[in-house]
Amino acid sequence: MEYSMYKTYAAKYTTSKKKIIAKYKKNGVFSIPYTNKEGYEVKREFYDKGFKRKGNYRTAN
-1 MEYSMYKTYA
9 AKYTTSKKKI
19 IAKYKKNGVF
29 SIPYTNKEGY
39 EVKREFYDKG
49 FKRKGNYRTA
59 N
């Protein structure tokens, strides 16, 4: 999923996946900077830790 996102950004900005990773990956975390409504630059990090499973699922008997 992570590398699919790299490919998407590379296609959007017509560059290579390697250049996108070099530009946006800092300290092992992929983060995209943007400016919020107040004018501050904020970074949004890629979340790859997984999610907790919901309780409504079937169990095998």
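In case it helps, our numbering puts the sequence shown at residues -1 to 59. Even glycine gets a Cβ: it sits at the ideal position worked out from N, Cα and C.
- request: Please work out which residues of its chain come closer than 6 Å, Cβ to Cβ, to F28, disregarding the five sequence neighbours upstream and downstream, and give them in chain order.
  value: Y22 and F44
Alpha carbon of K47 to alpha carbon of I18, nearest angstrom: 21 Å
task: Kindly list the residues whose CB is nearer than 8 Å to the CB of Y1, restricted to its own chain and excluding five residues on each side of it in sequence; keep chain order.
output: K15
- prompt: Where does Y11 fall in DSSP's three states?
  reply: coil
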